[in-house]
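Everything in the sequence shown is counted per numbering that gives the first Met the number 0, starting at 0 for the first residue and increasing by one. All C-beta atoms, glycine included, are put in the ideal place defined by N, C-alpha and C.
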Amino acid sequence: MNIQELQIVHDKVVQAEFPEDIFGSNSSHFKVNFRHMAKIVHPDLYSGAKDSVKAMAHITSSKLNDLYERAKKVDVDGTYGLRKSQVEEEKEEFNFVVTIKKQMYHLKEVLLEDDFFTIYGGYYLKEDGERQEIIVKIANTESENDFIENDLRISKILQEPDDEYDFGKHLPVLLGRFKTSDNQLASIWQKIDGYDLFEVREKYPKGVPQEHVVWMLNRILTVLGFAHEKGIVHGNIDPSRIFIRPRDHNGWLCDWSCAVNLPKKTGEQFKVWNKDYSAPEVKDKASPLPSADMYSLGKTMMYLLGGDVLTNEMPSCVDIRLQRLIRYFVLGSPYGRASDAWQTRHHLREIRREVFGPDRFREFRM
Numbered sequence: 000m001n002i003q004e005l006q007i008v009h010d011k012v013v014q015a016e017f018p019e020d021i022f023g024s025n026s027s028h029f030k031v032n033f034r035h036m037a038k039i040v041h042p043d044l045y046s047g048a049k050d051s052v053k054a055m056a057h058i059t060s061s062k063l064n065d066l067y068e069r070a071k072k073v074d075v076d077g078t079y080g081l082r083k084s085q086v087e088e089e090k091e092e093f094n095f096v097v098t099i100k101k102q103m104y105h106l107k108e109v110l111l112e113d114d115f116f117t118i119y120g121g122y123y124l125k126e127d128g129e130r131q132e133i134i135v136k137i138a139n140t141e142s143e144n145d146f147i148e149n150d151l152r153i154s155k156i157l158q159e160p161d162d163e164y165d166f167g168k169h170l171p172v173l174l175g176r177f178k179t180s181d182n183q184l185a186s187i188w189q190k191i192d193g194y195d196l197f198e199v200r201e202k203y204p205k206g207v208p209q210e211h212v213v214w215m216l217n218r219i220l221t222v223l224g225f226a227h228e229k230g231i232v233h234g235n236i237d238p239s240r241i242f243i244r245p246r247d248h249n250g251w252l253c254d255w256s257c258a259v260n261l262p263k264k265t266g267e268q269f270k271v272w273n274k275d276y277s278a279p280e281v282k283d284k285a286s287p288l289p290s291a292d293m294y295s296l297g298k299t300m301m302y303l304l305g306g307d308v309l310t311n312e313m314p315s316c317v318d319i320r321l322q323r324l325i326r327y328f329v330l331g332s333p334y335g336r337a338s339d340a341w342q343t344r345h346h347l348r349e350i351r352r353e354v355f356g357p358d359r360f361r362e363f364r365m
């Protein structure tokens, strides 16, 4: 519960006349911006607050949802973003340039304002003139530099070469780092050529077909197996941090800003609690274990299948063998649930062959 953030979103929402006024004019970003605001204003978060605060949350949530429904309608019509708000017209002039080792990086727009950092979209030109899209994370304040620093630290460990497999293809690519004039730390990343799992589920509102969820899960278990072997626990897995690319079935696990490394040795603790996706022990500030990541991944797969992350129910069309495996991910005890990503991946591949036959590439449309 953050009443100050609620007030900020409330003030923006009540003044908004059109969806673009609150979500921005870029149709590819309005869903992400909605999800971020919806988490802040959800009435359940303020059930114990004063009546005036509860009323503010209900009013804000209701109008925010109305604006979102209008946004989806005009997006389907192909007219989203044709009307620009005054704020967006001012943003058109936005072009912040950062130069690192003679390379110019252009920041063109705000994509997302997170709790700890703001994410910008932009580009740079390669030597051959080709335009490469980027994202830039800038800490909201100097006091939140630790999250950017941690993301950089963990990513460096994960990018160390492996003799057997190119795990780097499942991780975001770092291009550089810098500090603003206010001493806020920033990192520059190559934009991922794919969709996050919130976007995927938006495309399949009744749930993603299970034959595709299986390969997505397989990809992320590969990343977790690799990370856990190095002593790293991600600590904040949810659908926004997993990306997939349909054309080659690649997958990425992103945003390691809340990760811990060798927690038994270093004493590092969980940094955030994600209400719908974090394991119970995260809220209790227990020692981080790999099984916490498995719990979050299991909840994410339930969501992707069209299930209920609160009750752990999944659609009846999902094969019972796959349902049993995913429920094993989300058992309450950190010592009783799935914890070995490699072993779980092997079990998943067995189920995949039992249910769907020999491995073959299945086209996935977005």
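Out of the options, which one is the CA nearest neighbour of residue i?
i    : options                   : result
S295 : G234, M365 and G266       : G234
N32  : Y67, S61, V329 and F363   : Y67
I21  : S46, Y79, P171 and D292   : Y79
R246 : R361, L288, E132 and G206 : R361
K71  : Q131, F116, K30 and A226  : K30
R369 : D275, D65 and H248        : No answer is possible for residue 369: the residues shown for the chain start at 0 and end at 365.
D43  : C253, L173, N1 and P171   : N1
D113 : D10, G77 and S239         : S239
L309 : V329, G128, S51 and R130  : V329
E349 : L321, F115 and M293       : L321
E126 : K263, L111, K101 and E228 : K101
Could you pull the start and end residues of the alpha helix (DSSP H) that residue i belongs to?
i    : result
T117 : T117 -> not in any alpha helix (DSSP H); beta strand (DSSP E) instead, spanning F116 to L124.
S186 : It is not in any alpha helix (DSSP H) - S186 instead sits in the beta strand (DSSP E) that spans L184 to Q189.
T265 : P262 to T265
F328 : I319 to F328
Q102 : No alpha helix (DSSP H) contains Q102, which is instead part of the beta strand (DSSP E) from Q102 to E112.
F355 : A340 to F355
W214 : Q209 to E228
R200 : L196 to K202
To the nearest angstrom, report how far apart residue i and residue j are at their CA atoms.
i    : j    : result
H346 : F95  : 49 Å
K284 : S277 : 11 Å
T221 : G250 : 10 Å
A54  : Q14  : 17 Å
P204 : S315 : 16 Å
E353 : Q342 : 17 Å
N25  : F177 : 27 Å
I219 : H28  : 24 Å
E92  : H105 : Because the pLDDT of E92 is 49, which lies under 50, any placement of that residue in the model is unreliable, and the number read from its coordinates should be weighed accordingly. Answer to the nearest angstrom: the Cα atoms are 12 Å apart.
A48  : S332 : 31 Å
Q158 : E148 : 15 Å
V97  : K136 : 13 Å
K62  : G224 : 43 Å
V109 : D192 : 18 Å
P208 : L216 : 13 Å
Q6   : I241 : 30 Å
Q85  : E16  : Any reading at Q85 needs caution, since the residue's pLDDT is 46, under 50, leaving its predicted position unreliable; the model's value is listed next. Their Cα atoms are separated by approximately 11 Å.
E312 : M365 : 25 Å
I118 : K11  : 19 Å
G120 : I133 : 6 Å
R323 : R336 : 12 Å
I99  : W188 : 13 Å
Q131 : G175 : 14 Å
Q3   : T179 : 25 Å
K282 : V52  : 24 Å
A213 : D275 : First, the residue type needs correcting, since residue 213 is Val and not Ala in the sequence shown. Distance between the alpha carbons of V213 and D275: 21 Å.
S286 : P279 : 12 Å
In or out: residue i buried (at least 16 other Cβ within 10 Å) or exposed?
i    : result
P160 : exposed
I153 : buried
E88  : Because the pLDDT of E88 is 49, which lies under 50, any placement of that residue in the model is unreliable, and the question is left without a value.
K298 : buried
A138 : buried
K202 : exposed
Y45  : buried
M103 : exposed
Y123 : buried
E19  : buried
Y334 : exposed
P357 : exposed
T265 : exposed
N273 : buried
E129 : exposed
H9   : buried
G23  : buried
I50  : The question names Ile, but residue 50 is Asp in the sequence shown. Answer is exposed; the Cβ neighbour count stays below 16.
Along the chain, where does the beta strand (DSSP E) containing residue i start, and where does it finish?
i    : result
K49  : First-last for K49: undefined, no H or E at that position.
Q268 : First-last for Q268: undefined, no H or E at that position.
L174 : L173 to K178
K136 : R130 to A138
V97  : F95 to I99
Would residue i pass as an interface residue toward chain C - the criterion being a Cβ-Cβ separation below 8 Å?
i    : result
E143 : In the displayed structure, chain C is absent; only one protein chain is listed.
Can we say the stretch 262 to 280 touches the stretch 162 to 180, given the rule of at least three CB pairs closer than 8 Å? no
How about the stretch 196 to 207 and the stretch 303 to 312: do they share at least three Cβ pairs that are nearer than 8 Å? yes
Decide yes or no for the touch test of the stretch 223 to 232 against the stretch 256 to 264: beta carbon pairs closer than 8 Å, at least 3 of them. yes
Touching by the beta-carbon criterion (3+ pairs, under 8 Å), the stretch 124 to 143 and the stretch 181 to 191: yes
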